[in-house]
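Counting in this note's numbering, the sequence shown runs from 23 upward without gaps.
Backbone N, C-alpha and C define an ideal beta-carbon position, used for all residues, glycine too.
Below: one structure, written as structure tokens.
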Amino acid sequence: RNKSMTMTPQTNKPVIVRQVWADNLEFEISQINEAILDYPFVAIDTEFPGTIFQLKPNMTYLSHYPPFNYYMMKSNIDALNIIQLGLTLSDSEGRMPCFGTEFSVLWEFNFRDFDIDRDHQNPESISLLQRQGIDLKRNKKEGINSWDFAELVASYGLVRNSSKLTWVTFHGSYDFGFLIKILTQRCLPCDIDSLMDLVADYFGFKVYDMKYMIQFSNGLHGGLERVAKSLYVERMVGKSHQAGSDSLLTMQAFLRYTERYSKDYKNHNKKNFVLYGL
């Protein structure tokens, strides 16, 4: 690995992705709770069964219309179930929790909510996730019930802790949409403003979507892989479309962005609390 391509002091430690299942959920949530105040930047990524409602080719102009984007997103999230959530904690220098070991740690939560034999899905997306190593049969057998996740996250105070934490995503509307669905155990509200009220309630206003932020910076565009490459950030662990690995790449790209575009970063208040497309 070319160390010069990585970004922060923590990267001289190997990174381990802690796999979270039903049987170790409470322990890992307690570990996150122990670490989160020292590592108050939280990057998230979700994996789900693709999208089943999509724009027709002759209607792509509607993608510039946020209420329609929200309608499509709500239709998909209401009909679909989450598969994975990746979560990376960091401080402002890029250091990650290590719990006294020689390894930096991030988390990948594996949910049981999705049933490949019964639930709505986009077959191409499911094939991609399986090729990337996600074992959907194991998820169904050993995975986390999203209700248990919501209950523990709330009882440990990992949400509604808004003044202390900064949340980071890349194209994060679906990430926050699925989390709101899990935390409320309801379908998403009918309009964008009501969704953002819930995001503010659970996550506060320090919410950054890199896909939205890069619009203000010359030379940065495209998906997560492309933006990370433009910022000379390399994937340190895992593969694309694994939620843990993607959450780490999102965190690395965000911190590198704030370092490289520091003038822009001083104006971040104009760029926070907006999810790309909404």
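- Gly-155 sits exposed, since fewer than 16 C-beta atoms from the chains shown fall within 10 Å of its C-beta.
- With contacts defined by Cβ atoms closer than 8 angstroms, Gly-244 and Asn-91 do not form a contacting pair.
- Around the C-beta of Met-81, fewer than 16 other C-beta atoms lie within 10 Å, and the residue is accordingly described as exposed.
- Nearest to Lys-251 by alpha-carbon distance, out of Ala-265, Gly-179 and Phe-276, is Phe-276.
- The residue among Thr-191, Gln-76, Phe-238 and Ile-104 with its C-alpha nearest the C-alpha of Asp-231 is Thr-191.
- Pairing Arg-278 with Val-255 gives a Cβ-Cβ distance under 8 angstroms.
- Counting along the chain, Gln-41 sits inside the beta strand (DSSP E) bounded by residues 37-42.
- The Cβ atoms of Pro-36 and Phe-125 lie closer than 8 angstroms to each other.
- Taking 8 angstroms as the cut-off, the Cβ atoms of Ile-104 and Leu-187 do not count as close.
- Each residue's CA atom was taken as its position, placing Phe-295 and Val-64 some 14 angstroms apart.
- Around the beta-carbon of Asn-240, fewer than 16 other beta-carbon atoms lie within 10 Å, marking it exposed.
- For Asp-215, the enclosing alpha helix (DSSP H) covers residues 214-225.
- Fully contained in the stretch 93-125 are the following beta strand (DSSP E) runs of length 3 or more, in chain order: 106-112.
- Only exposed fits Asn-34, as fewer than 16 other CB atoms lie within 10 angstroms of its CB.
- Apart from the 5 residues on each side of it in sequence, Ser-269 sits with its Cβ closer than 7 angstroms to the Cβ of Ala-65, Ile-66, Asp-67, Gly-108, Leu-109, Thr-110 and Leu-128 in its chain, given in chain order.
- Taking C-beta separations shorter than 6 angstroms and ignoring five residues to either side along the sequence, the partners of Ile-38 in its chain run Phe-125 and Val-127, following chain order.
- With distances taken between CA atoms, Asp-213 lies nearest to Ser-97 out of Phe-75, Lys-78, Ser-114 and Ser-97.
- In the same chain as Leu-77, and ignoring 5 residues on each side of it, the C-beta atoms closer than 8 angstroms to its own belong to Leu-84, Ser-85 and Met-94, in chain order.
- Rounded to the nearest angstrom, the gap between the Cα atoms of Asn-144 and Phe-70 is 9 angstroms.
- Taking all protein chains in view, the Cβ of Glu-56 is surrounded by fewer than 16 other Cβ atoms within 10 Å, so the residue is classified as exposed.
- The distance from the Cβ of Leu-297 to that of Tyr-224 is about 14 angstroms, inconsistent with a contact at the 8 angstroms cut-off.
- Rounded to whole angstroms, the Cβ separation of Phe-133 and Gly-165 is 5 angstroms, and the two are in contact under 8 angstroms.
- As a beta-bridge residue in DSSP terms, Asp-67 pairs with Gly-108.
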